[in-house]
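Peer 1:
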Amino acid sequence: MRNYWIDALSPLVFRSGKPFGAQSDTHDIAFPLPSAAAGLVRTCVMRQNGWHDLSNEQSAQLNRIAAHGLFLARQRADGETVLLLPKPADALYLRHPDTQETLLVRLSPRAADADCGSDLPAGLLPVRMSAEHEHLNGKPQSGAKYWCAEDFAKWQNGAALSFDTVKQNGANDLPTETRTHTAVDAQSGAAKDAQLFQTTAYDFSPAAKKRQEGGGWQPHRYGFVIRTEQDLAEGLVCFGGEGRLSRLHALAQDAGAAFAAPSDAAGVRLTLLTPAIFKNGWLPGWLDEKTLCGTFPHTDVRVKLRAAALERWQPVSGWDLHRHQPKAMRKAVPAGSVYWLECETGGAAALADAAGKALSDHPQDRLDGFGIAALAAWTPPQAA
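Note that the sequence shown covers residues 55 to 438 in our numbering.
(1) Mapping the DSSP letters down to three states, classify tryptophan 373 as helix, strand or coil.
(2) Any chance the CB of alanine 330 is under 8 Å from a heavy atom of the ligand ATP?
(3) Please list the segments of the beta strand (DSSP E) lying wholly inside the stretch 94 to 179, counting only runs of 3 or more residues, in order along the chain.
(4) Report the rounded CA-to-CA distance for glycine 197 versus tryptophan 105, giving the unit in angstroms.
(5) Once you ignore the five residues that flank histidine 416 on each side, which residues in its own chain have a CB closer than 8 Å to its CB?
(6) Expressed to the nearest angstrom, what Euclidean distance is found between the alpha-carbon atoms of glutamate 267 and glycine 372?
(7) Rank Val99, Phe68 and Glu398 by C-alpha distance to the C-alpha of glutamate 231 and give the top, closest one.
(8) Any idea which residues DSSP pairs phenylalanine 274 with across the strands?
(9) Take glutamine 436 as the anchor and find which of Pro351, Gly390, Gln154 and Gly321 has the nearest alpha-carbon.
(10) Closest by CA to alanine 389, which one among Arg377, Leu137 and Ile426?
(11) Whose C-beta lies closer than 6 Å to the C-beta of cysteine 347 among residues of the same chain, with five residues either side of it excluded?
(12) Could you give the distance in angstroms between the alpha-carbon of serine 391 and the alpha-carbon of alanine 430?
(13) Bridge partners of glutamate 396, per DSSP?
(14) Apart from the five residues just before and just after leucine 286, which ones in its own chain have a Cβ nearer than 8 Å to its Cβ?
(15) When the distance is taken between beta carbons, is leucine 215 closer than 9 Å to leucine 158?
(16) Less than 8 Å between C-beta atoms, sequence neighbours within five positions excluded: which residues of the same chain meet that for aspartate 308?
(17) In angstroms with no decimal places, state the Cα-to-Cα distance between aspartate 144 and alanine 185.
(18) Would you mind sorting arginine 323 into buried or exposed? The rule is 16 or more other CB atoms within 10 Å of its CB.
(19) Hey, how far is the Cα of glutamate 518 from the Cα of aspartate 374?
(20) Mind checking glutamine 42: buried by the 16 CB within 10 Å criterion, or exposed?
(21) Distance, Cα to Cα, glutamine 195 vs leucine 66?
(22) Consult DSSP for phenylalanine 313 and reduce its assignment to one of helix, strand or coil.
(23) In whole angstroms, what separates the C-alpha of alanine 240 from that of aspartate 107?
(24) For phenylalanine 206 and aspartate 419, I'd like the C-alpha separation in whole angstroms.
(25) Output yes or no for whether 9 Å exceeds the beta carbon distance between leucine 413 and proline 329.
(26) Does the beta-carbon distance from tryptophan 336 to alanine 361 come in below 9 Å?
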């Protein structure tokens, strides 16, 4: 796949869908959906082909173009680009009651006591802390929302990481900018009295480098990476709302190292890197609702769901440029959610063809990049 870097020349507007108000904050901005990447790729192809008023055939041809992203990335002054992936839901930031140190605790499926009162579907295991950390009490702490690809890969392979390491190498609050706007009278072109509103946008522009705690400026800047088979022309593009300009660059390096095939094991841990859309809500449609068994997408391997750690559902909508109408709102499983699956035929290594591919139910959602997942080997617990 080809890799492209989106270099934002102006703050990027991605609305959360909340109505405009007089005041705006970081809750009014949403991380761009995979469909934004797919839309940008297809718009570039449309312009390269000289298409304007799309026919139904041209629209169908564009919809068949696959795009993977968007992935947050950080680019150093030397041009090296590092992917920043969403924090996996099986990682918990927890403060130690004695030392007050924030720990990075791994969650995993473990059988519960028979009288624990669990109402999980038959066959599903609860996701718990290890016995080593079960004595820790308190609420989860805030921390890095995005992990660098290297730390993410280590976590996938079972390595121990510290909270400080993940915080230093990752990212939490992305740079934003809030602008105040006024409504304009269409006839006079003058501002309307008492009709002010604000918008908040991601500010990844060259002037947005933050000052470091120790002095000086950070030696990197943020942007987005898109992966696609299409050969796109480099240059200026409109990305996000308000027609803000960005520059599209082809990356010489491959950003796909995070999607390496899993080693062999009796099970697999699936971590979503982009939101996924399933017809049964949190449960993939390729799994039977009663038995929790099914065939893993892009393979012929039979798997059984053993556990899941999910974040709160995410609304997905948008605007249909071809039909000139809003798209229906759907609920997506957010990026970072984790599914533990036991292989009933074959093993985790047999899922190599599915590594880095979209796993949503509908073919169009897969082409739009919903449900890109990282796969890691996992050993299911022995039955009691």
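Glycine included, each C-beta is placed from N, C-alpha and C at the ideal position.
Every value quoted in this text rests on a predicted model; they were computed, and no experiment measured them.
Peer 2: Well, looking at it:
(1) To locate residue 373, count along the sequence shown from 1; it is residue 319. DSSP places tryptophan 373 in strand when its eight states are reduced to three.
(2) The model on display carries no ligand, and the ligand ATP is accordingly not part of it.
(3) As far as the stretch 94 to 179 is concerned, its whole beta strand (DSSP E) runs of at least 3 residues are 121 to 130, 135 to 140, 145 to 149 and 156 to 163.
(4) Locating residue 197 in the sequence shown gives position 143, counting from the first residue. Locating residue 105 in the sequence shown gives position 51, counting from the first residue. Glycine 197 and tryptophan 105 have their C-alpha atoms roughly 46 Å apart.
(5) For the purposes of this step, residue 416 is taken as the residue at position 362 of the sequence shown. Excluding positions up to five away in sequence, the list reads Ile331 and Lys333.
(6) Mapped onto the sequence shown, residue 267 falls at position 213. Mapped onto the sequence shown, residue 372 falls at position 318. Confidence is the limiting factor: at glutamate 267 the pLDDT is only 47, short of 50, which leaves the residue's position unreliable, though a coordinate-based value still follows. Our two residues, glutamate 267 and glycine 372, have alpha carbons roughly 39 Å apart in a direct line.
(7) Position 177 of the sequence shown, counted from the first residue, corresponds to residue 231. Phe68 is the residue among Val99, Phe68 and Glu398 whose C-alpha sits nearest the C-alpha of glutamate 231.
(8) Translated into positions along the sequence shown, residue 274 becomes position 220. Going by the sequence as given, residue 274 is histidine instead of phenylalanine. According to DSSP, histidine 274 bridges with Arg130.
(9) What you label residue 436 is simply residue 382 of the sequence shown in a count that begins at 1. The residue with the shortest Cα to Cα distance from glutamine 436 is Gly321.
(10) Numbered from its first residue, the sequence shown carries residue 389 at position 335. Nearest Cα to alanine 389 within the set Arg377, Leu137 and Ile426: Ile426.
(11) In the sequence shown, residue 347 corresponds to position 293, counting from 1. Lys358, listed in sequence order.
(12) Position 337 of the sequence shown, counted from the first residue, corresponds to residue 391. Position 376 of the sequence shown, counted from the first residue, corresponds to residue 430. For serine 391 and alanine 430, the distance between alpha carbons rounds to 14 Å.
(13) Position 342 of the sequence shown, counting from 1, holds the residue named residue 396. As a beta-bridge residue in DSSP terms, glutamate 396 pairs with Gly321 and Lys358.
(14) Here residue 286 is taken as the residue at index 232 of the sequence shown, counted from 1. Leaving aside the five residues that flank leucine 286 on each side, the residues in its chain whose CB is nearer than 8 Å to its CB run, in chain order, Arg56, Tyr58, Val95, Cys98, Val99, Gln102, Leu302 and Ala304.
(15) As a working mapping, residue 158 is identified with position 104 in the sequence shown. As a working mapping, residue 215 is identified with position 161 in the sequence shown. Yes, these two residues count as a Cβ contact at 9 Å.
(16) If you number the sequence shown from 1, residue 308 lands on position 254. So the list reads Met55 and Asn57, once near-sequence residues are dropped.
(17) Within the sequence shown, the letter at position 90 stands for residue 144. Within the sequence shown, the letter at position 131 stands for residue 185. Aspartate 144 and alanine 185 have their C-alpha atoms roughly 15 Å apart.
(18) Residue numbering aside, residue 323 sits at position 269 when the sequence shown is read from its first letter. Classification of arginine 323: buried, given that the 10 Å Cβ count is 16 or more.
(19) Residue 518 falls outside the range modelled here, since the chain spans only 55 to 438, and no answer is possible.
(20) The structure shown has nothing for residue 42, since the chain only spans 55 to 438.
(21) Here residue 195 refers to the residue found at position 141 when the sequence shown is read from its first residue. Here residue 66 refers to the residue found at position 12 when the sequence shown is read from its first residue. Each residue's alpha carbon lies about 29 Å from the other.
(22) Taking the first residue of the sequence shown as 1, we reach residue 313 at position 259. DSSP places phenylalanine 313 in helix when its eight states are reduced to three.
(23) Taking the first residue of the sequence shown as 1, we reach residue 240 at position 186. Taking the first residue of the sequence shown as 1, we reach residue 107 at position 53. Roughly 27 Å between the two C-alpha positions.
(24) Taking the sequence shown and counting its residues from 1, one reaches residue 206 at position 152. Taking the sequence shown and counting its residues from 1, one reaches residue 419 at position 365. The straight-line gap from Cα to Cα measures roughly 25 Å.
(25) Stepping through the sequence shown from its first residue, residue 413 is reached at position 359. Stepping through the sequence shown from its first residue, residue 329 is reached at position 275. It is not a contact, given that the beta carbons lie outside the stated cut-off.
(26) Reading the sequence shown from its first residue, position 282 is the one you call residue 336. Reading the sequence shown from its first residue, position 307 is the one you call residue 361. The criterion of a C-beta distance shorter than 9 Å is not satisfied by tryptophan 336 and alanine 361.
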